[in-house]
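Residue numbers (our numbering), protein chains in the order written: chain U, 1 to 340; chain W, 341 to 745; chain A, 746 to 1088. Every residue, glycine too, gets a C-beta built ideally from N, C-alpha and C. What follows is a set of notes on a single structure, which appears directly below.
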Amino acid sequence: MSSTIQPAETAAASTLITNVEAVRLALHDAMVADERVLILGEDVGVRGNVFLITTGFLEEFGAKRVIDMPLAEASIVGIAVGMAMQGLRPIAEIQFADFIYPAFNQIVGEAAKTRYRSNGDYSCPLVIRTPYGGGVHGALSHSISIEALFYHVPGLKIVAPSTPRDIKGLLTAAIEDPDPVLFLEHKKTYRSVRGDVPEGHFTIPIGKADVKKTGTQATVVSYGYNLHQALDAAAQLETEGISVEVIDLRSIRPMDKTAILTSVRKTRKLLIIHEDNKFGGIGAEISAMVSEEALFDLDAPIRRLCGPDVPAMGYAQPLEEAFMISTERMRAAMQELVQF
Amino acid sequence: MSTTIRMPQLGETVTEGTVARWLKQPGESVEKYEAFVEVSTDKVNAEVPSPVAGTMRELIVSEGETVPTGAPIAIIDEIGAPVEPSRAPAAVLPAAVLQAAASNGHNGVTANGTRVSPAVRRLAREHAVDVAVVSGTGTNGRVTAADIVAAATGTLRTPAPVAAPAPAPAPRAVPADGLIPLTPARRLIARRMVESKQTAPHAWTMVEVDVSNLWAWRLVEKDAFEREHGVKLTLLPFFMFAVAESLRAFPLMNASFHENGIAVHKNVNLGIATATDGDLVVPVVRNAEERSIRGIALAAGALIDKARRGKLVVDDLTGGTFTVNNNGAAGSILSAPILVPGQAGIATMEAVVKRPVVRNDAIAIRSIMNVCLSLDHRVVDGSIASGFLADLKKRLEAMGPSGAL
Amino acid sequence: MAKTVTARAALDRGGLTDDQLIAMLWNMLLQRQLDNRGFQLNRQGKIPFALGSEGHEALQAGAAMAFARGVDILVPYYRDLGLVLGVGITPLDLLTNMFAREADLSGGRQFPNHYTARDRGVVSISSIIAAHCTHAAGIAYALTYTGESGRAVLCTTGEGSTSQGEWHEAINFSAIHKLPIVFLVENNGWAISTPQSAQMAIRDVADKASGYGLPGMICDGTDPVATYRTMKVAMERARSGGGPTLVEAKCYRFLSHSTDDDDRVYRDRETLAEQRADDPLPKYERVLLEAGIIDDAGLTAMKADVLKQTNTATDEAEALPYPSVDDMTTHVYAGAAYEPWLE
């Protein structure tokens, strides 16, 4: 599946690139613009990252700024925390989101709490970026979604942009943010999603969602790979006269309350789609908020279309397909909701 | 894995139940907590929710059959909970509700039995649209927010809905010729009527009551009452209030005959004979002696509404100590009611009729209502009964616009 | 008189002046006094919690003397009461922290002995054992990022921390990149109730260093001058680009782990009594007295002054207000906004 997203406004000059190229571009531009920025992770130097994101960076910026770290996720983040506390702007890479668990304390117990526990004396301007998500035969340890584990934590910011323009703008914003940001990249969209990215420096504010398609009969909130599928499904329904609004969440913490409520008050129906397990997934928080704030605008129960509550998608094709949400299931869910 | 479902105990002293109607047939899927059978005891159609999710395998008991509490009645094959995201729920109430006449959306139920969403409820209120008259275009005929908006912006404009209790339903169609099979309810009514007549020697008496002032009082109160409570104010709550007071003065009328003594009941629990869809139920307003007219009106209204929607539960129907019957609503001026087994009296309100009467040696036109009383002559003699009725008449005639609800 | 001159000549002063030797004594006395004060306040019911560092005084005074204020950076652990005093944290800072007042360095948010003072090079830590070690390595990396030298990071832990995976990750990374950092292990033989023999199979923590390619040094943590001497070598090596060092200083822990611990359950009194006989504080007092660096009157005056300063700080801290609840939502992020839902 491939989709081309046209940004709402196109800058004077822009290039058509893929999601993974947008990550590279944001990293490169930040390294050029700010000497304090450095990249550390496994295989980011000589290998240029397992997705070739940092190819050539070692030569261009030197070993001091592009560090091939020992195989130890806890210290990839822990050492980056120290660097950030001392005034650098480290971008720590966890090679696959499935490997992030050893770094959990450093992210949740240390980075997220540095500013608060020191009463503002120290801060932690750290970016942790990692590829997540399935549909690539990744099975137990190369397919996981992790946002639900972390979005609960005050002091942390989390973004998960789905298009090249959003990736460029939000990764730049994350690197420039004075607080720790977990930057999630859906690996299935790396090369399959292409879009225009304005040239030059620009940021997108963390915490703002984006209405990728306007509609009137139901609101769909999604992100990641699912976002593109949702747009496909909505486009199909449009040809049948069914009008669905699709919001790209983009930012998971903080999350855009205004965008969601404005849309729900218009359409009165809400469908949340996320690949991550349903129980305790971010759809639960969105549902709770909308119930609290817009109960009397709802013309149907809030629906969540999510991954099943099993530990991971299996390696076998049918198992993976059963876990991932198909575009057809999304289309059916949207239609059913509109007709409710 | 299959689960055997057993006859539940509906009501404290109940020892058996009758399967009134199967809501699921073998092969049909059943959700956990979904009603799968209607069981009747004491004229209550109680829906039984399934304890498991699965497929109905076998119906052990046939419709109309009575079995003891705890006896197996069905088998359901359980299935694991589906991993799929939940279906959009279409809240469909069982058929018993669908049989009742349309009640308005104020109670959250529309004509075809589906619930209204918060948005529909709010929009209906804001646009003064009666949900009950809007035809729904949503799933299973649900009235959607869009339907309300369309109705509001269309030519159709209905007045603000008043939450009146459901009107009396039309009686079931009777075939011109042939056999009407007995429903469990009808069977039960028949049994209890025979039991009552064969056990208690019925005696009968009546008084004429001048309800002119009472009627005037009602007229003064009824509009405000309806606006405030959404319930119609009839003569019934006034009557029940007076009956409760008279029963306190004549406690033998509030008693039961037993072989080892006459049980006098401290509380006055007034049953209201109510017709529903070819059936007869007697929901009970408990502790009527402690309630005001307003309180009785609201309690009675709620019960009658529940009765007409088939939503009475066992606790609504038990514990009565005396029964009233608003027979006059249909125009009757005299009736000889049959006692509810275990009670010593049943009083009727007959039609209110303007009649010429003699007052202070002159002819006056007054509103007259006959009050009839059947009594259990084992418990009560004529003098008590007459005294009770005289007391009741005095109280009713003393009620007027200066009173407090 | 002659004896004193001889003693003075024989005194191993590690290159320190009289004033510096006395400063270390002062630090030790102050540490002991403030340490006790914490326990006293807790037993009075005035503060909920205190951690004792009795037995560590010589070690921490010696290490502090090797620390260059305004230049080096300290990433301490929770038993470094004397060490933080030695690098610029004041008695009032300590008491304010114990009383959890608003003026506390962390605004009353952090547990006792968790300090933060960027202006004095003291780094904020959590209570997760050894989680600060990788921070220390990252800070050391940042110190050399622009090619500078002359600054070092001092990262302290107990011997229990050296079981944590991240401690190993930190010294490993430090050795690979020859970072300007000293990992000082204050080995007092106990991690709450766990004796060293249950914590590791070896006797000297310093032996862990060679496996990672950095030098390991051992010193007597009950002798401030000996500790200073070793720490000076290690810190100088770090500052001059010589890479990291693992220093193990052996000392005692005379008290229970904290006011919530009772070591009578797991530690025998005879051994403790033997160790008490080797108390580093009176031992160092004797050394200085014999060498004539101080006299009895001077020592008495010092102790009185220490007590006075402690009392003043106690009274002053106790009178300060608690933090305002209104401040609860500050510093979650930069700026005032903290809510997870953006309006």
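Span of the alpha helix (DSSP H) around residue i
| i | result |
| --- | --- |
| M769 of chain A | 763-788 |
| D232 of chain U | 225-239 |
| D166 of chain U | 164-176 |
| K1053 of chain A | 1041-1064 |
| D487 of chain W | 485-493 |
| K537 of chain W | 524-539 |
| H801 of chain A | Here H801 of chain A belongs to no alpha helix (DSSP H), and DSSP marks it neither H nor E. |
| R588 of chain W | 576-589 |
| T545 of chain W | Segment 542-550 is the beta strand (DSSP E) holding T545 of chain W; no alpha helix (DSSP H) there. |
| Y973 of chain A | 969-984 |
Contact belief for residue i with residue j at Cβ below 8 Å, rounded distance in angstroms
| i | j | result |
| --- | --- | --- |
| L899 of chain A | M962 of chain A | Going by Cβ atoms, the distance from L899 of chain A to M962 of chain A rounds to 14 Å, so no, they are not a contact pair. |
| D276 of chain U | R250 of chain U | Incorrect: roughly 16 Å between the Cβ atoms, too far for contact. |
| T477 of chain W | D487 of chain W | 6 Å |
| A111 of chain U | E914 of chain A | At roughly 16 Å, the Cβ-Cβ gap does not stay under 8 Å, so A111 of chain U and E914 of chain A are not in contact. |
| E993 of chain A | V930 of chain A | 5 Å |
| V338 of chain U | Q217 of chain U | 4 Å |
| T54 of chain U | I100 of chain U | That belief does not hold up - the Cβ atoms of T54 of chain U and I100 of chain U are roughly 19 Å apart, past 8 Å. |
| I413 of chain W | R346 of chain W | 6 Å |
Cβ-based burial, residue i [other Cβ within 10 Å; buried from 16]
| i | result |
| --- | --- |
| D179 of chain U | buried |
| I325 of chain U | buried |
| T358 of chain W | buried |
| M1073 of chain A | exposed |
| P521 of chain W | exposed |
| T751 of chain A | exposed |
| S123 of chain U | buried |
| T56 of chain U | This sequence places Gly at residue 56 of chain U; Thr is not what is there. When all chains shown are included, G56 of chain U counts as exposed. |
| A628 of chain W | buried |
| P499 of chain W | Unreliable placement is indicated for P499 of chain W, whose pLDDT of 36 sits below 50; the coordinate value is still reported in the next sentence. Burial call: exposed. |
| M341 of chain W | exposed |
| Q317 of chain U | exposed |
| D825 of chain A | buried |
| P969 of chain A | buried |
| P1085 of chain A | buried |
| S457 of chain W | buried |
| E42 of chain U | buried |
Chain-ordered neighbours of residue i on chain W, where CB pairs are closer than 7 Å
| i | result |
| --- | --- |
| L298 of chain U | S457, P458, A459 |
| Q335 of chain U | Per Cβ cutoff of 7 Å: no residues; Q335 of chain U is ~10 Å from chain W at best. |
| R268 of chain U | A459, A485 |
| L295 of chain U | P458 |
Contact set between residue i and chain A, taken where Cβ atoms lie within less than 8 Å
| i | result |
| --- | --- |
| G155 of chain U | V1077, Y1078 |
| A174 of chain U | Chain A residues near A174 of chain U: none, gap ~13 Å exceeds 8 Å. |
Contacts of residue i in chain A (Cβ-Cβ under 7 Å)
| i | result |
| --- | --- |
| L88 of chain U | A887, Y890 |
| S123 of chain U | A1079 |
| D179 of chain U | Y1078, A1079 |
| N105 of chain U | I873, A876 |
Cross-chain neighbours of residue i in chain U, by beta carbon under 8 Å
| i | result |
| --- | --- |
| R854 of chain A | Y116, R117, N119 |
| L1087 of chain A | G207, K208, S251, P254, M255, D256, K257, T258 |
| A595 of chain W | By Cβ distance, chain U contributes nothing, its closest Cβ being about 52 Å from A595 of chain W, past 8 Å. |
| Y1083 of chain A | P154 |
| R482 of chain W | F340 |
Per-residue contacts from residue i into chain U (C-beta, under 7 Å)
| i | result |
| --- | --- |
| T479 of chain W | Q339, F340 |
| R462 of chain W | F296 |
Beta-carbon neighbours of residue i, restricted to chain U and to distances below 9 Å
| i | result |
| --- | --- |
| R779 of chain W | Residue 779 of chain W lies beyond the range of chain W shown here (341 to 745); nothing can be said about it. |
Beta strand (DSSP E) segment containing residue i, residue limits
| i | result |
| --- | --- |
| V244 of chain U | 244-248 |
| R319 of chain W | A question about residue 319 of chain W goes unanswered here, because the residues of chain W that appear run from 341 up to 745. |
| Y1011 of chain A | Unbroken run through Y1011 of chain A: none, as it is neither H nor E. |
Neighbour list for residue i in chain A, Cβ cutoff strictly below 9 Å
| i | result |
| --- | --- |
| P70 of chain U | E914, N917, F918, I921 |
Runs of 3 residues minimum, wholly inside the region 597-655 of chain W: which ones carry the beta strand (DSSP E) assignment? Runs of the beta strand (DSSP E) inside the region 597-655 of chain W: 601-604, 610-612, 614-616, 619-621.
Would you list, in sequence order, the uninterrupted alpha helix (DSSP H) runs of no fewer than 4 residues that lie entirely inside the region 807-835 of chain A? 826-832
What runs of the alpha helix (DSSP H), each 4 residues or longer, lie entirely inside the region 73-108 of chain U? 73-85
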